[in-house]
Amino acid sequence: MRVLERLKPLTLMGLIAMGIVAQTNPLQAQPTEVLTVAGGCFWCVESDFEGVPGVIEAVSGYTGGTIENPTYKDVTRGGSGHYEAVKIIFDPAKVSRERLLEMFFRSVDPTDGGGQFCDRGESYRTAVFVSNKAEEALASRVKAAAQKVLRQEIVTPVLPAKTFYEAEDYHQDYYKGESLVFTRFGPKRQAEAYKRYRQACGRDAKVAQLWGDAAPFASGH
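The numbers in the numbering used here rise by one with no breaks, and the one at position 208 of the sequence shown is 740.
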(Lines of atoms letter the chains of each structure in order from A and count residues from 1; the text may use other names and numbers.)
(Lines give C-alpha, C1' and ligand atoms only; values in the text may rest on other atoms or scores of the structure.)
Protein backbone atom coordinates (compact mmCIF):
# COMPACT_ATOMS: atom_id res chain seq x y z
CA MET A 1 0.00 0.00 0.00
CA ARG A 2 2.87 2.37 0.83
CA VAL A 3 4.35 1.68 -2.61
CA LEU A 4 1.05 2.63 -4.25
CA GLU A 5 0.84 5.77 -2.18
CA ARG A 6 4.33 6.79 -3.34
CA LEU A 7 3.36 6.17 -6.97
CA LYS A 8 0.34 8.49 -6.85
CA PRO A 9 2.28 11.76 -6.65
CA LEU A 10 4.72 10.53 -9.29
CA THR A 11 1.84 9.76 -11.64
CA LEU A 12 0.33 13.17 -10.97
CA MET A 13 3.64 14.88 -11.71
CA GLY A 14 3.89 12.96 -14.97
CA LEU A 15 0.44 14.08 -16.08
CA ILE A 16 1.26 17.70 -15.23
CA ALA A 17 4.48 17.50 -17.26
CA MET A 18 2.60 16.08 -20.24
CA GLY A 19 0.11 18.95 -20.02
CA ILE A 20 2.90 21.53 -19.99
CA VAL A 21 4.52 19.98 -23.06
CA ALA A 22 1.18 20.03 -24.91
CA GLN A 23 0.67 23.70 -24.05
CA THR A 24 4.16 24.75 -25.11
CA ASN A 25 3.97 22.89 -28.42
CA PRO A 26 0.57 23.88 -29.89
CA LEU A 27 1.64 23.18 -33.50
CA GLN A 28 1.54 19.45 -32.76
CA ALA A 29 -2.08 19.72 -31.73
CA GLN A 30 -3.00 22.17 -34.51
CA PRO A 31 -1.34 21.22 -37.81
CA THR A 32 -0.68 24.02 -40.24
CA GLU A 33 -0.69 24.18 -44.04
CA VAL A 34 1.28 26.20 -46.58
CA LEU A 35 0.17 28.15 -49.65
CA THR A 36 2.91 29.62 -51.86
CA VAL A 37 2.04 32.40 -54.29
CA ALA A 38 3.83 35.01 -56.38
CA GLY A 39 2.14 38.39 -56.61
CA GLY A 40 4.77 40.86 -57.67
CA CYS A 41 6.64 42.64 -54.88
CA PHE A 42 6.85 40.15 -52.02
CA TRP A 43 6.82 42.94 -49.44
CA CYS A 44 3.26 43.73 -50.50
CA VAL A 45 2.01 40.14 -50.54
CA GLU A 46 3.54 39.52 -47.13
CA SER A 47 1.98 42.70 -45.77
CA ASP A 48 -1.45 41.77 -47.10
CA PHE A 49 -1.63 38.20 -45.88
CA GLU A 50 -0.03 38.53 -42.47
CA GLY A 51 -3.10 40.51 -41.45
CA VAL A 52 -5.56 37.78 -42.44
CA PRO A 53 -7.12 35.96 -39.45
CA GLY A 54 -5.89 32.38 -39.47
CA VAL A 55 -2.60 33.20 -41.17
CA ILE A 56 0.26 32.46 -38.80
CA GLU A 57 3.11 33.85 -40.84
CA ALA A 58 4.04 34.98 -44.35
CA VAL A 59 7.63 34.52 -45.49
CA SER A 60 9.21 36.30 -48.46
CA GLY A 61 11.38 34.22 -50.77
CA TYR A 62 12.18 32.91 -54.22
CA THR A 63 10.90 29.86 -56.06
CA GLY A 64 10.13 28.42 -59.47
CA GLY A 65 13.62 28.71 -60.95
CA THR A 66 16.73 26.61 -61.37
CA ILE A 67 19.44 28.49 -59.44
CA GLU A 68 20.11 27.15 -55.95
CA ASN A 69 20.19 29.60 -53.04
CA PRO A 70 19.50 32.66 -55.20
CA THR A 71 20.06 36.19 -53.98
CA TYR A 72 17.78 39.15 -54.56
CA LYS A 73 20.12 40.38 -57.29
CA ASP A 74 20.12 36.96 -58.98
CA VAL A 75 16.34 37.01 -59.16
CA THR A 76 15.60 40.61 -60.08
CA ARG A 77 18.15 40.86 -62.88
CA GLY A 78 16.33 38.07 -64.73
CA GLY A 79 17.34 34.73 -66.16
CA SER A 80 17.05 32.71 -62.96
CA GLY A 81 13.51 31.56 -63.59
CA HIS A 82 12.64 32.44 -60.01
CA TYR A 83 9.64 34.46 -58.89
CA GLU A 84 9.49 36.75 -55.89
CA ALA A 85 7.13 34.61 -53.86
CA VAL A 86 5.55 34.36 -50.43
CA LYS A 87 5.02 31.23 -48.35
CA ILE A 88 1.80 31.68 -46.40
CA ILE A 89 1.60 29.46 -43.31
CA PHE A 90 -1.97 29.15 -42.08
CA ASP A 91 -4.31 27.30 -39.75
CA PRO A 92 -6.90 25.50 -41.94
CA ALA A 93 -9.30 25.41 -39.00
CA LYS A 94 -9.48 29.22 -39.12
CA VAL A 95 -9.07 30.05 -42.81
CA SER A 96 -9.33 27.72 -45.79
CA ARG A 97 -6.90 27.34 -48.67
CA GLU A 98 -9.77 28.16 -51.01
CA ARG A 99 -10.47 31.46 -49.24
CA LEU A 100 -6.80 32.44 -49.34
CA LEU A 101 -6.67 31.68 -53.07
CA GLU A 102 -9.77 33.79 -53.68
CA MET A 103 -8.15 36.65 -51.80
CA PHE A 104 -4.88 36.24 -53.69
CA PHE A 105 -6.41 36.51 -57.17
CA ARG A 106 -8.27 39.64 -56.04
CA SER A 107 -5.13 41.23 -54.58
CA VAL A 108 -3.17 41.33 -57.86
CA ASP A 109 -3.63 42.08 -61.56
CA PRO A 110 -3.83 38.50 -62.84
CA THR A 111 -4.29 39.73 -66.42
CA ASP A 112 -0.71 41.07 -66.56
CA GLY A 113 1.88 38.55 -67.75
CA GLY A 114 4.83 40.94 -67.75
CA GLY A 115 5.08 41.79 -64.06
CA GLN A 116 2.94 43.64 -61.56
CA PHE A 117 2.14 47.35 -61.55
CA CYS A 118 5.39 49.37 -61.69
CA ASP A 119 7.57 46.28 -61.22
CA ARG A 120 8.33 44.69 -64.57
CA GLY A 121 10.14 41.50 -65.51
CA GLU A 122 9.88 37.75 -65.01
CA SER A 123 10.57 37.81 -61.27
CA TYR A 124 7.48 39.97 -60.68
CA ARG A 125 4.99 37.79 -62.53
CA THR A 126 2.11 36.15 -60.68
CA ALA A 127 1.74 32.42 -60.01
CA VAL A 128 0.23 29.86 -57.67
CA PHE A 129 2.40 26.90 -56.66
CA VAL A 130 0.83 23.54 -55.82
CA SER A 131 2.19 20.34 -54.27
CA ASN A 132 -0.37 17.73 -55.36
CA LYS A 133 -3.34 17.04 -57.62
CA ALA A 134 -5.89 18.18 -55.05
CA GLU A 135 -4.19 21.55 -54.64
CA GLU A 136 -3.89 21.89 -58.41
CA ALA A 137 -7.58 21.17 -58.93
CA LEU A 138 -8.59 23.67 -56.24
CA ALA A 139 -6.31 26.42 -57.53
CA SER A 140 -7.54 25.89 -61.09
CA ARG A 141 -11.16 26.02 -59.95
CA VAL A 142 -10.65 29.24 -57.98
CA LYS A 143 -8.80 30.75 -60.94
CA ALA A 144 -11.65 29.87 -63.32
CA ALA A 145 -14.21 31.38 -60.94
CA ALA A 146 -12.17 34.58 -60.62
CA GLN A 147 -11.86 34.83 -64.41
CA LYS A 148 -15.62 34.49 -64.74
CA VAL A 149 -16.13 37.35 -62.28
CA LEU A 150 -13.47 39.55 -63.86
CA ARG A 151 -14.59 38.81 -67.44
CA GLN A 152 -10.99 39.01 -68.59
CA GLU A 153 -8.42 36.32 -69.25
CA ILE A 154 -6.37 35.47 -66.17
CA VAL A 155 -2.81 34.60 -67.18
CA THR A 156 -1.58 33.64 -63.70
CA PRO A 157 -0.30 30.06 -64.03
CA VAL A 158 -0.80 27.19 -61.58
CA LEU A 159 2.65 25.60 -61.32
CA PRO A 160 4.22 22.59 -59.57
CA ALA A 161 5.91 23.62 -56.36
CA LYS A 162 9.69 23.76 -56.31
CA THR A 163 12.19 24.46 -53.56
CA PHE A 164 11.35 27.66 -51.72
CA TYR A 165 14.37 29.76 -50.75
CA GLU A 166 13.79 32.33 -48.02
CA ALA A 167 14.79 35.86 -48.99
CA GLU A 168 17.45 37.77 -47.13
CA ASP A 169 16.62 38.94 -43.59
CA TYR A 170 16.43 42.51 -44.89
CA HIS A 171 13.29 41.64 -46.85
CA GLN A 172 11.39 39.84 -44.09
CA ASP A 173 8.68 42.04 -42.54
CA TYR A 174 10.06 44.99 -44.47
CA TYR A 175 6.64 46.67 -44.43
CA LYS A 176 6.82 47.18 -40.66
CA GLY A 177 10.56 47.61 -40.22
CA GLU A 178 12.10 50.55 -38.35
CA SER A 179 15.55 50.62 -39.94
CA LEU A 180 16.50 53.83 -41.71
CA VAL A 181 16.78 53.49 -45.50
CA PHE A 182 17.58 55.95 -48.26
CA THR A 183 14.90 56.35 -50.90
CA ARG A 184 14.05 58.76 -53.70
CA PHE A 185 11.81 60.43 -51.10
CA GLY A 186 14.82 60.94 -48.83
CA PRO A 187 15.81 59.02 -45.65
CA LYS A 188 12.82 57.06 -44.32
CA ARG A 189 12.07 54.31 -41.87
CA GLN A 190 11.32 51.06 -43.68
CA ALA A 191 7.63 51.15 -42.83
CA GLU A 192 7.23 54.66 -44.24
CA ALA A 193 9.38 53.86 -47.28
CA TYR A 194 7.20 50.83 -47.96
CA LYS A 195 4.01 52.90 -47.85
CA ARG A 196 5.48 55.49 -50.22
CA TYR A 197 6.65 52.77 -52.62
CA ARG A 198 3.30 50.98 -52.63
CA GLN A 199 1.38 54.15 -53.33
CA ALA A 200 3.78 55.33 -56.04
CA CYS A 201 3.68 51.90 -57.71
CA GLY A 202 -0.10 52.15 -58.09
CA ARG A 203 -0.80 48.68 -56.72
CA ASP A 204 -3.92 49.47 -54.72
CA ALA A 205 -5.36 51.83 -57.30
CA LYS A 206 -5.07 49.22 -60.05
CA VAL A 207 -6.44 46.40 -57.90
CA ALA A 208 -9.40 48.54 -56.86
CA GLN A 209 -10.02 49.43 -60.50
CA LEU A 210 -10.05 45.75 -61.49
CA TRP A 211 -11.90 44.20 -58.57
CA GLY A 212 -13.85 47.02 -56.96
CA ASP A 213 -15.38 46.10 -53.61
CA ALA A 214 -14.14 42.51 -54.03
CA ALA A 215 -10.52 43.65 -53.55
CA PRO A 216 -9.68 42.44 -50.01
CA PHE A 217 -6.69 44.68 -49.27
CA ALA A 218 -6.65 47.73 -51.55
CA SER A 219 -8.82 49.90 -49.34
CA GLY A 220 -6.69 49.17 -46.31
CA HIS A 221 -3.54 50.94 -47.54
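Just so you know, even glycine gets a beta-carbon here, dropped at the ideal spot from N, CA and C.
Since this is a predicted model, take the numbers as computed values, not measurements.
Within the 7 angstroms Cβ cut-off, does residue i reach chain C?
| i | result |
| --- | --- |
| V674 | Any reference to chain C falls outside this structure, which holds one protein chain only. |
When DSSP builds the beta bridges, which residues end up paired with residue i?
| i | result |
| --- | --- |
| E589 | I621 |
| G718 | T715 |
| Y726 | For Y726, which the question treats as bridged, DSSP gives no partner whatsoever. |
Which residue marks the beginning of the alpha helix (DSSP H) containing residue i, and which one marks its end?
| i | result |
| --- | --- |
| T608 | 604-608 |
| A659 | Taken as a continuous stretch (DSSP letters only), A659 belongs to no alpha helix (DSSP H), being part of the beta strand (DSSP E) at 658-662. |
| V690 | Not the alpha helix (DSSP H): V690 falls in the beta strand (DSSP E), residues 690-692. |
| F637 | 629-637 |
What did DSSP end up calling residue i once you bin it into helix, strand or coil?
| i | result |
| --- | --- |
| G571 | strand |
| D701 | helix |
| R485 | No information on residue 485 is available, as it lies outside the stretch 533 to 753 that the chain covers here. |
| I548 | Only weak support is given to the placement of I548: the predicted model assigns it a pLDDT of 47, under 50, and the question is left unresolved by the model. |
| R683 | coil |
| Q648 | strand |
| V566 | strand |
| E710 | coil |
| E600 | coil |
Pop quiz: residue i and residue j are said to be a contact at Cβ under 8 angstroms. What is the actual Cβ separation, rounded to whole angstroms?
| i | j | result |
| --- | --- | --- |
| T608 | K694 | At roughly 18 angstroms, the Cβ-Cβ gap does not stay under 8 angstroms, so T608 and K694 are not in contact. |
*With contact counted as at least three CB pairs below 8 angstroms, one residue from each stretch, are the stretch 638-651 and the stretch 716-736 in contact?*
yes
*Three or more C-beta pairs closer than 8 angstroms, one from the stretch 665-682 and one from the stretch 708-727: is that the case here?*
no
*Looking at C-beta atoms only, is the number of pairs between the stretch 661-671 and the stretch 573-593 that lie closer than 8 angstroms three or more?*
no
*Check whether the stretch 565-580 touches the stretch 601-621, counting contact only when three or more Cβ pairs, one atom from each stretch, lie closer than 8 angstroms.*
yes
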